[in-house]
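Count the sequence shown with my numbering and you get residues 757 to 1769, in order.
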Amino acid sequence: MLASRLGLLLWLFLLHGVGIYLFAKGFFQPRLPFSNTSTCVKTNCGVRPTHKRAVLLIIDSLRFDFIAPNPPTPQSPFHHSVLTLPSELTAKYPDRSFIFNAYADPPTITLQRIKSIMTGSLPTFGDVANSFGGSPIAEDSFLSQLKRAGKKLAFMGDNTWTSVFPDAFEPNMTFAYDPFNADDLHTVDNGVIEHLFPLLSDPSHPFDLLIGHFLGVDHAGHRVGSDHPRMKAKLEEMNEVLTRIVQRLEEDTLLVVLGDHGMDRSGNHGGDSILETSSAMWVYSHSTPLSDLSSNPPPALLQFANFPGSETPYRSVQQIDILPTLSLLLGVPIPYSNLGSVIPELFWRISWDGKRVLDLALQANAEQIQEYLETYRSSAITGGELDEAWPNLQTGFRGIHTAAISTDPRSLTSIDFNDFNRLALATCRAVWTQFNPLFMGLGLLVMGTSLCASWIIYAGLADLKNPFDAWMKRVLRLALRGTGGGAFVGLAVCSYFSDFMPGFNVFDKGLLFAALSSSGSVIISSSPKITTDSLKRPPIIIFLHSLALLSKSFTIWEDRLVLILLITSIAPYLFTGFSTPSKRLRNQILGYSLLFAVCVRLMAFSTVCREEQYPFCDVTFFVSASEQLSPEIMRYLAVPVAVLLPWVANQFLEVPGADPSMAKTRYFVFLGPVLVASAVGWVIEWADSALVLGNGWSAALREARSWIGRAAFLWICLGGGVYWYYLNAQTRPSTGFTGKEEETQARSRMVRHRHGADSIGTSYLFFWNLFFGLVYMSMQLTGQVVLALSLISLLSFFNLQLRVSEAHHLQASLSSSLNTSPTPIKPTYTTFKAVLPIALLGFHALYTTGHQTTISSIQLKAAFVLSADVSYPWSFICLVLNSSGPMFLFGLAAPLSVFWKRPYTCMPQNEGQHTDLTDKSDIEDEQIKCETMLAALAVTVYHLAVVFGAAAGSLISRQSPMLWKVSGPRFITAVLQLLTVDSAVIIGIVMCTEREIGRGSERRKDIAVVGTK
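Structure, rendered in structure tokens:
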């Protein structure tokens, strides 16, 4: 029995995976890297270097408004800036100091930005998958060119550099630190400072390039936001560091300070908002002038942009422009794959032969780019990508060599070179954001057929009149035969379809045909009869949610849409409440509906705004959009909510005449301490972040919080897990009697098991609460209060279902006149309406616990619940619990809707009915298994429909500039949500549902013996 259910769920899980894989392969088109190396033979390196060595300082997340080109005033958009040193040098040395607003290509993640800065290449949408793991870079880079020239490289800071460039730096001048401890604002920066100044002061000049990567500004943004006093303090520290560095610079040393990316209002990054892509860049030459002030570069070479909130345009460059600029200033060839263009101001001077250095620099730059593009186009793998744009590129390159003579031919040549470089950059940006519609379309086809197959299985189970297990086995056999037959066909006709399916390998074709064949087999052979009832069964809410994701506006405001759909999903229950003849049931139905709606609405007061929602959205999850601290009211509410939540939850478990002592014990002994410890831990985190006790207590507070988190984690995992596993032995009624007193006690236990809170599903609820406690631990204070409301909403809905089931039975009894009074009825949930609110609660809880479908909404603080530093795998586990926990919880809750307060039926009425009871119990077990399977299928179908809508929206908007901002991230998060729910459903079916059904059977048999005696 379990094998057939598990097999069917795994088959659907694999179908989902195949559809996602095919679509993603067309969606995430990689950029082909080349191992070619630039040399002066290939490119014109006729630019005399200006400096012997350079200091490159990366201040992570240094936004343009953090470094003021002029002294900041309260009225300027730079009033929070404290890096004022560059402005002083600009005034004193205008030909040696230059400040730029540098555009950082998305994704604005450190790893991708380091790759781009050092190779001059562009990241692609497919690079998102590699954002959190660095492998050595095989492409030609600035560092490899320096090493090839015999230069010595020193490094200190973020160890991402040593991951992607493992052999670049001198071992005795390499000091790498773990970058992922966002709670620690000082360790990495202090380490950089400790090793940087001795090297600068060393008279032997042991390095030719020194790279220092500071992380404090980035960590301050993640921890407290961009406007918090701790951010200002960290920027002031960086200002002092820059002052000391300038004082120690040698005459022949070039200083470059830049942010690898910016940060949004909340201090996060990863997307392509203007704040995230606006990074600061300051170039300073201590002695050698870089520009001739007697004239200015042609205006056509210079680009300007307005920073948000500023009416004054500022000089704007591409961040990758620093690569060819640095290469030529230090006298090494420009790396082979570079697409950046030299910064004109830094070469606007007269060369030794009377020519402008800028002309020579731009010519070398353009020839390098032309060489790279020709190699890219000649590749058998990627050649076709540039075919459409190649005539324009060739025209632009020929124009460089055949430029018309004018009054200032040198300026005209510079403009032509620059125009070609920018044309190449724009062309490659367009090419590397293209997709493979064939893969994407076939991936959608597989998702669509698997959606149909899932629905047909659901409809077949809902209408099932034959034995459940036999039907499941038949469907599984059909699916497996279709899979094998489809794979064989795909491999057999592989060569024939090659012309029609470019880019598909044997593996892809096998997967495609296997998935389509298996889904088709189920659809054709198991299609239910089309009736009016069957057409009404699919809820309109699923279609609305899926269709909404085709629209960018609805996707942006999905958090509000989910709230509307969630409230709408309980409308049918309200109609039942108003129409029921029982006043008691009417009051209970309306009361639970009202409580559900109130809790859901209170949850919605917690918001985290995505950039596109401003100015129509206010952040309430944090203190403000720019300070990532919990609001004051949440600091006072968190602990009382944690204390009261077990007691409130127990009120939903109690039934008249029941003995809820066991349920109370589980809540108060196991869940209660974990909730309180979690709240206290996050209050301590707030105290540490806000420096309530000063800097001296920071280490002690972090360590205290870690030990509290570890104790809570161990208690709920080990203590709660062991208790749940052995729960069966503790709750089975006794079957032996030694006298009248013992018989009375046994019969009393039988009644409690029949009617009370220890009925089928009580231990499933306890099992669910184990995960609830773990997710609760990972949430910040506002998220904890929201999760508490979500638990009350869920329990309210379960009780609402129970009362509606009784109302339906009462109405049926009255209409048929078979019964004069209502009798207990076991709830049967074979429609989507019983699962819709549960699935939507998952989405609602995700959004209201501080998440959005953007990379920048990842709450890195959650990684430090169990440790003061990054600790694998615990930091990763906590981060996953925070990001995916709400979806997992409500996916796991779907089978609980079947178990909720389900009484034991088939009870013996007279002596001698033990055999009949066993038969009836087996029938009921079949019914329970069928219903839990229906609930599991319903929640996965909902999420698969959401993935289908998000994928279709990405396909439609693939050429839209909003793809990276809206549709693409929504597809990625929808996939992760589907996989999370699939995993939760399988865990619920395998680990708990089968166990609960077995416990129920044993208890019924024990009760049967008691009743017979």
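Glycine included, C-beta positions come from ideal geometry on N, C-alpha and C.
Hey, how far is the Cα of residue i from the Cα of residue j?
i	j	result
His-975	Leu-1645	30 Å
Ser-957	Arg-1004	7 Å
Ala-759	His-772	20 Å
Gln-1407	Leu-1521	14 Å
Lys-781	Phe-1195	7 Å
Lys-988	Ser-1382	12 Å
Ala-1182	Pro-862	15 Å
Asp-1219	His-1564	19 Å
Ser-1206	Leu-1711	19 Å
Arg-1714	Phe-1260	21 Å
Ser-1434	Trp-1656	27 Å
Ala-1708	Val-1318	19 Å
Arg-1316	Ala-1360	8 Å
Asp-1016	Thr-864	8 Å
Arg-1233	Gly-1428	46 Å
Cys-1634	Trp-1438	14 Å
Pro-789	Ser-1134	13 Å
Ile-1076	Gly-972	23 Å
Ser-919	Glu-895	14 Å
Trp-1442	Gln-1557	40 Å
Asn-946	Thr-999	16 Å
Tyr-1628	Ala-938	15 Å
Lys-1589	Ile-1320	15 Å
Met-1718	Gln-1733	22 Å
Leu-1303	Gln-1536	33 Å
Leaving aside the five residues before and after residue i along the sequence, list all residues of the same chain whose C-beta is less than 6 Å from its C-beta, in chain order.
i	result
Leu-1530	Leu-1637
Ala-1618	Ser-1534, Cys-1634, Leu-1635 and Asn-1638
Asp-1625	Asn-937
List the residues that DSSP assigns as beta-bridge partners of residue i.
i	result
Glu-926	Glu-926 is not bridged to any residue.
Phe-911	Thr-930 and Ile-967
Thr-1009	Arg-809
Tyr-859	Ser-1034 and Gln-1074
Ala-1112	As written in the sequence, residue 1112 is Arg, which differs from the Ala given in the question. For Arg-1112, which the question treats as bridged, DSSP gives the partners Ile-1106.
Ile-814	His-969 and Leu-1014
Ala-1061	Tyr-1070
Val-1039	Phe-854 and Val-1012
Glu-1383	Ser-1380
Skipping 5 residues on each side, what residues in its chain have a beta carbon closer than 7 Å to that of residue i?
i	result
Gly-1647	Gly-1598, Val-1695, Thr-1736, Val-1737, Ala-1740 and Val-1741
Ile-1323	Ala-1353 and Val-1356
Gly-1152	Asp-1175, Phe-1176 and Leu-1179
Would you say residue i and residue j are within 9 Å of each other, going by their C-beta atoms?
i	j	result
Ile-1298	Val-1697	yes
Leu-1084	Val-1098	yes
Val-1039	Leu-1114	no
Val-1088	Leu-812	no
Pro-1402	Phe-1378	no
Trp-767	Ser-1274	yes
Ala-1446	Val-1541	no
Ile-1594	Ala-1649	yes
Val-1202	Leu-1247	no
Tyr-1092	Gln-1126	no
Leu-1118	Ser-1170	yes
Val-1703	Ala-1270	no
Thr-1033	Tyr-849	no
Ile-1654	Thr-1688	Note on identity: in this sequence residue 1654 is Val, with Ile being the wrong assignment. The answer is yes: Cβ separation under 9 Å.
Under 8 Å Cβ to Cβ from residue i, same chain only, skipping five residues before and after it: list those, please.
i	result
His-807	Asp-1008, Thr-1009, Leu-1010, Ser-1041, Thr-1044, Leu-1085 and Leu-1086
Gln-1665	Low per-residue confidence applies at Gln-1665: pLDDT is 40, beneath 50, and the placement is therefore not dependable, though the value from the model is reported in the following sentence. There are no such residues.
Leu-762	Ile-1742, Ile-1745 and Val-1746
With a cut-off of 9 Å, does the C-beta of residue i fall near any C-beta of chain C?
i	result
Phe-1377	In the structure shown, chain C cannot be found, because there is only a single protein chain.
Quiz item: Contact between the segment 1054–1074 and the segment 1011–1024: three or more CB pairs below 8 Å?
Solution: In the pairwise beta carbon analysis, the segment 1054–1074 is classified as not touching the segment 1011–1024: fewer than three pairs are separated by under 8 Å.
Practice problem: Check whether the segment 1720–1728 touches the segment 1607–1621, taking contact to mean three or more Cβ pairs, one atom from each stretch, closer than 8 Å. | Solution: The way I'd put it, the segment 1720–1728 does touch the segment 1607–1621; three or more beta-carbon pairs between them come closer than 8 Å.
Self-check item: the segment 1328–1336 touching the segment 1359–1368, judged by at least three CB pairs closer than 8 Å
Solution: With a cut-off of 8 Å, the segment 1359–1368 and the segment 1328–1336 do not count as touching, because too few Cβ pairs lie within range.
Self-check item: Three or more C-beta pairs below 8 Å linking the segment 1341–1352 and the segment 1542–1559
Solution: The answer is yes - the segment 1542–1559 touches the segment 1341–1352, with three or more Cβ pairs under 8 Å.
Quiz item: Are at least three pairs of beta-carbons, each pair with one atom in the segment 900–914 and one in the segment 924–940, less than 8 Å apart?
Solution: Judged by Cβ distances under 8 Å, the segment 900–914 makes contact with the segment 924–940, as three or more pairs qualify.
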